[in-house]
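Visitor: One line per chain: the protein sequences are A and B, in this order. At position 75 of the first sequence (counting the first as 1) the number is 75 in the working numbering, and the numbers step up by one without a gap. If you want the working numbering, it's the 1-based position in the second sequence plus 1000. One structure is given below, represented as structure tokens, and several questions about it will come after.
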Amino acid sequence: SQQGEEDPQALSIQEGENATMNCSYKTSINNLQWYRQNSGRGLVHLILIRSNEREKHSGRLRVTLDTSKKSSSLLITASRAADTASYFCATDRGNAGNMLTFGGGTRLMVKP
Amino acid sequence: ETGVTQTPRHLVMGMTNKKSLKCEQHLGHNAMYWYKQSAKKPLELMFVYNFKEQTENNSVPSRFSPECPNSSHLFLHLHTLQPEDSALYLCASSPLLSGGGETQYFGPGTRLLVL
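Right under this line is the structure:
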């Protein structure tokens, strides 16, 4: 079964607005990671948050993790047209090596 | 550039052909992965290699055959594929298969079309 599920599946905003994407998962995790994918390209790691962390920042990115609700959110502030991409959460259960389970992704479009 | 390269970038093959996908990482990593990304489906893990040893085969059909001759190179040999195997095949690497917390570095992928 799918471990991570992103919500919404698609999001369209204007440049300068904030974008929030959510991820829910089913089992306990060691950490949760967010990746970005430009159309038809490979994934690029954005940020990792461990199960004992609640919030993490990296530049314009802010990630939160609520292990009691088994959910995470990715906030991109002051979005730019270049942020247009698909964003995926991936969970690492930590019990079988470094194997990540990816969600279906959120397609973000930032209009100039 | 993530330090992971994949060739070819695009491949069209018939169902009776045999082809191979190649992945090379220049990061000194010890774990390598093959993923399949189909339209409208989550990224699926296919195979995992750690120090050249296969540690995971995620119920992948035998028409996909991986090979890892060393920690820097990973191949995916393809034969008698089906049209539903058309997808983007992504290779990734990470420093060590250590039990969690490792970022994976992805190649650009090979877009495969099976006719």
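We put the CB at the ideal spot given by N, CA and C, even for glycine.
Could you give the DSSP three-state label for B/Ala1031: helix, strand or coil?
Guide: On the second sequence, residue 1031 of chain B is found 31 positions in, with the first residue counted as 1. Reduced to three states, the DSSP call for B/Ala1031 is strand.
Visitor: List the residues of chain B whose Cβ lies closer than 9 Å to the Cβ of A/Ser44, in chain order.
Guide: Position 44 of the first sequence, counted from the start, is the residue given in the question as residue 44 of chain A. In the sequence as presented, Ser is not what sits at residue 44 of chain A; that position holds Val. Within chain B, the residues near A/Val44 are Thr1002, Tyr1105, Phe1106.
Visitor: On the DSSP letters alone, give me the boundaries of the beta strand (DSSP E) that A/Phe88 sits inside.
Guide: For the purposes of this step, residue 88 of chain A is taken as the residue at position 88 of the first sequence. That run of the beta strand (DSSP E) goes 85-92.
Visitor: For chain B, find out if any of its Cβ atoms is closer than 9 Å to the Cβ of A/Leu61; answer yes or no.
Guide: For this step, residue 61 of chain A is matched to residue 61 along the first sequence. So, not an interface residue.
Visitor: Please decide whether A/Asp92 counts as near chain B, where near means a Cβ-Cβ distance under 9 Å.
Guide: In the first sequence, the residue the question calls residue 92 of chain A occupies position 92. Output row for A/Asp92: interface = yes.
Visitor: So which residues on chain A does B/Pro1083 lean against when the C-beta distance must stay under 9 Å?
Guide: Residue 1083 of chain B sits at position 83 when you count from the first residue of the second sequence. Those within 9 Å of B/Pro1083 in chain A number zero; the least Cβ separation is about 19 Å.
Visitor: What in chain A is Cβ-close to B/Leu1090, meaning under 8 Å?
Guide: As a first step, residue 1090 of chain B must be located in the second sequence, where it is residue number 90. Under the 8 Å cutoff, chain A gives Gly42, Leu43.
Visitor: Can you tell me whether A/Gln14 is buried or exposed, with buried defined as 16 or more other CB within 10 angstroms of its CB?
Guide: Stepping through the first sequence from its first residue, residue 14 of chain A is reached at position 14. By the neighbour-count rule (16 or more Cβ atoms within 10 Å), A/Gln14 is not buried but exposed.
Visitor: Under the rule that 16 or more other beta-carbon atoms within 10 Å means buried, what is B/Asn1058, buried or exposed?
Guide: By one-based count along the second sequence, residue 1058 of chain B stands at place 58. It counts as exposed.
Visitor: If you follow the beta strand (DSSP E) that B/Lys1019 is part of, which residue opens it and which one closes it?
Guide: Against the second sequence, residue 1019 of chain B aligns to sequence position 19. Note, B/Lys1019: beta strand (DSSP E), 1018-1025.
Visitor: Kindly list the residues whose CB is nearer than 8 Å to the CB of A/Ser1, restricted to its own chain and excluding five residues on each side of it in sequence; keep chain order.
Guide: Within the first sequence, the letter at position 1 stands for residue 1 of chain A. The predicted position of A/Ser1 is uncertain, since its pLDDT is 36 and thus under 50; a value taken from the coordinates is nonetheless stated next. Closer than 8 Å at Cβ, skipping near neighbours: Lys26.
Visitor: For the putative contact between A/Ala85 and A/Arg36, defined by C-beta atoms under 8 Å, what is the C-beta separation to the nearest angstrom?
Guide: One-based indexing of the first sequence puts residue 85 of chain A at position 85. One-based indexing of the first sequence puts residue 36 of chain A at position 36. A/Ala85 to A/Arg36, Cβ: 5 Å. Contact.
Visitor: When the cut-off is 9 Å and only beta carbons count, does A/Gln2 lie next to chain B?
Guide: As a first step, residue 2 of chain A must be located in the first sequence, where it is residue number 2. Residue confidence is low: A/Gln2 scores 42 on pLDDT, short of 50, so the model does not pin down where it sits. No coordinate-derived value is stated.
Visitor: Please classify B/Ala1031: is it buried, with 16 or more other beta-carbons within 10 angstroms of its beta-carbon, or exposed?
Guide: One-based indexing of the second sequence puts residue 1031 of chain B at position 31. With 16 or more other Cβ atoms within 10 Å, it is buried.
Visitor: Which residue from A/Gly42, A/Leu74, A/Gln33 puts its Cα closest to that of A/Arg93?
Guide: Numbered from 1 along the first sequence, position 93 holds the residue referred to as residue 93 of chain A. Nearest of A/Gly42, A/Leu74, A/Gln33 to A/Arg93, Cα basis: A/Gln33.
Visitor: Hey, how far is the Cα of B/Cys1068 from the Cα of A/Asn22?
Guide: Here residue 1068 of chain B is taken as the residue at index 68 of the second sequence, counted from 1. Here residue 22 of chain A is taken as the residue at index 22 of the first sequence, counted from 1. Each residue's alpha carbon lies about 36 Å from the other.
Visitor: Once you ignore the five residues that flank A/Glu55 on each side, which residues in its own chain have a CB closer than 6 Å to its CB?
Guide: By one-based count along the first sequence, residue 55 of chain A stands at place 55. Closer than 6 Å at the Cβ level, and outside the excluded window around A/Glu55, lie Thr64.
Visitor: Could you check whether A/Ser51 and A/Ser28 sit closer than 9 Å to each other, using their CB atoms as the reference points?
Guide: To locate residue 28 of chain A, count along the first sequence from 1; it is residue 28. To locate residue 51 of chain A, count along the first sequence from 1; it is residue 51. Their beta carbons are under 9 Å apart, which means A/Ser28 touches A/Ser51 by this criterion.
Visitor: Within 10 angstroms of its Cβ, does A/Pro112 collect 16 or more other Cβ (buried), or is it exposed?
Guide: What you label residue 112 of chain A is simply residue 112 of the first sequence in a count that begins at 1. The residue is exposed, with fewer than 16 neighbouring Cβ atoms inside 10 Å.
Visitor: Check for me: the beta strand (DSSP E) holding B/Val1060 runs from which residue to which?
Guide: For the purposes of this step, residue 1060 of chain B is taken as the residue at position 60 of the second sequence. Where B/Val1060 is concerned, there is no enclosing beta strand (DSSP E), given that its DSSP letter is neither H nor E.
Visitor: Go to A/Arg107, then tell me how far its beta strand (DSSP E) extends in each direction, as first and last residue.
Guide: For the purposes of this step, residue 107 of chain A is taken as residue 107 along the first sequence, with counting starting at 1. Taken as a continuous stretch (DSSP letters only), the beta strand (DSSP E) holding A/Arg107 covers 106-111.
Visitor: Contact between the stretch 1022-1030 of chain B and the stretch 1038-1045 of chain B: three or more CB pairs below 8 Å?
Guide: Counting Cβ pairs under 8 Å, fewer than three are found: no touch.
Visitor: Of all the residues that make up the stretch 3-23 of chain A, which are near chain B by a beta-carbon distance shorter than 7 Å?
Guide: Listed by position along the chain: nothing, the set is empty.
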